[in-house]
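If you're matching positions, the sequence shown starts at 88 in our numbering and goes up one per residue. C-beta: ideal position from N, C-alpha, C; glycine also. The structure displayed is predicted, hence computed values, not measured ones. See below for the structure under consideration.
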Amino acid sequence: FSLSGGMAITVLLAVTMLGILMVPHWDVANIGPLPPTGELIKNAIITLPFTLTSILFIQSLSPMVIAYRAKNVSIAVARYKSQRAMTVAFVILFVIVFFYALSFSLGMSHESAVQASQQNISSLAITAQYIPGAWVTVVGIVINLFAVVTSFFGVFLGFREACMGLVINALQRFRPGETLDQRLIRRCVTIAIIFMAWGAQVTNLPILSFTSVCSPIFGLVGCLIPAWLVYRVPALHRLKTPTLWLVIITGILLCISPLLAFS
C-alpha cells in the first residue's frame with residue numbers, strides 16, 4: 088500500500104498539472120453544438136462504465152479493509168477508517184478526473200479530438216502539440232509506468248483474495264482446512280494471475296470492449312445487489328436514503344449500457 092500510494096499520488100499530481108497547463112488554451116467555442124437529446128443520453132449511458140471505472144476502486148476495497156483490520160483490533164474502528172478513506176479518495180478522484188476531462192474539452196477543438204480518436208493519439212500527445220519541451224514525454228513515461236503498476240496492484244490484491252477464497256473453499260470439500268498450506272496456495276494463485284495477465288497482453292484482448300461487456304456485472308455486484316440487501320436486511324434499513332435510489336438507477340444504466348453500445 089505504501090508503494091502504490093506514492094505512485095498513485097505522483098500520477099494524480101501529473102494529471103492535475105497537465106489539466107492546469109491546458110487552462111490558457113480554454114475556449115468556450117471548442118464545446119460546439121450539443122447533439123440531439125436522445126443521442127446525448129445514449130452516449131452518456133454507453134460511456135458510464137468507462138467513467139465509473141476511472142474513479143471507482145471496488146476491487147481495492149477488500150484488501151483495504153483487511154489492512155485496516157490487521158492494524159486495528161476493533162472491527163468498528165477499521166470499518167470507520169476504511170469508509171473514511173474510501174470517501175476521501177472518491178472525492179479526490181472525481182474532482183481531478185472531472186477537471187482533467189473538462190480542461191481538455193475546452194482546450195482543443197472538436198475536429199482535433201475526432202482526429203486524435205481516429206489516429207489513436209493519447210492526451211499526452213495532444214498536450215505536446217500545445218506545450219513545447221521534452222518534459223511532457225518524461226511526464227508521459229511516469230504516468231504510463233506508475234498508472235499501470237498501481238492499477239495492476241489495485242486489481243491484483245482484490246482478485247487474489249477472491250481467488251484464494253474460491254480455491255480454499257473448493258479444496259476444503261476434499262480435505263480439512265487445517266491441513267491446507269495457505270502459503271503454497273497463495274503462491275500458486277499469484278503465479279496463475281500473473282500468467283493470466285501475461286496471456287491477455289500477448290493475445291491483445293480488446294480491453295475497452297471487455298469493460299463494456301462486463302458493465303452488467305459492475306451494475307449487479309456494485310449497485311443492485313447491495314441495494315437489494317439494504318431492503319432485505321433489517322440492520323441495513325438505516326441506509327434507505329435518497330442516495331440509494333441513485334445507486335439503483337446507476338446499476339440499471341450499467342446493465343443496459345452494453346445493449347446500447349452494440350445495438
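From what residue to what residue does the alpha helix (DSSP H) around residue i run?
i	result
ILE343	329-348
GLY119	Per DSSP, GLY119 belongs to no alpha helix (DSSP H) and is neither H nor E.
SER192	162-194
Report buried or exposed for residue i, applying the criterion of at least 16 other Cβ atoms within 10 angstroms of its Cβ.
i	result
THR330	exposed
ILE107	exposed
SER350	exposed
SER161	exposed
SER196	exposed
MET283	exposed
VAL226	buried
VAL276	buried
VAL110	exposed
GLY245	buried
LEU292	exposed
Just to check, is the beta-carbon of residue i closer than 7 Å to a non-hydrogen atom of the ligand ADP?
i	result
LEU121	Among the components modelled here there is no ligand, and therefore nothing to report on the ligand ADP.
Three or more C-beta pairs closer than 8 Å, one from the region 112-125 and one from the region 182-201: is that the case here?
The region 112-125 makes contact with the region 182-201: 3 or more CB pairs, one atom from each, lie closer than 8 Å.
Would you check if there are 3 or more beta carbon pairs closer than 8 Å linking the region 94-109 to the region 220-238?
For the pair of segments examined, the region 94-109 was found to touch the region 220-238: the number of CB pairs separated by less than 8 Å reaches three.
Does the structure place the region 307-315 close enough to the region 332-344 that three or more beta carbon pairs sit under 8 Å?
Contact between the region 332-344 and the region 307-315 is present, with at least three C-beta pairs closer than 8 Å.
For the region 237-312, which segments carrying the alpha helix (DSSP H) assignment without a break, of at least 4 residues, lie completely within its bounds, in sequence order?
As far as the region 237-312 is concerned, its whole alpha helix (DSSP H) runs of at least 4 residues are 269-289, 294-300, 302-306.
Is it true that the region 129-137 meets the region 249-264, where meeting means three or more beta-carbon pairs spaced less than 8 Å apart?
No, the region 129-137 is not in contact with the region 249-264.
Is it a yes or a no for the region 168-185 touching the region 340-348, going by three-plus beta-carbon pairs under 8 Å?
Result no; under three Cβ-Cβ pairs closer than 8 Å.
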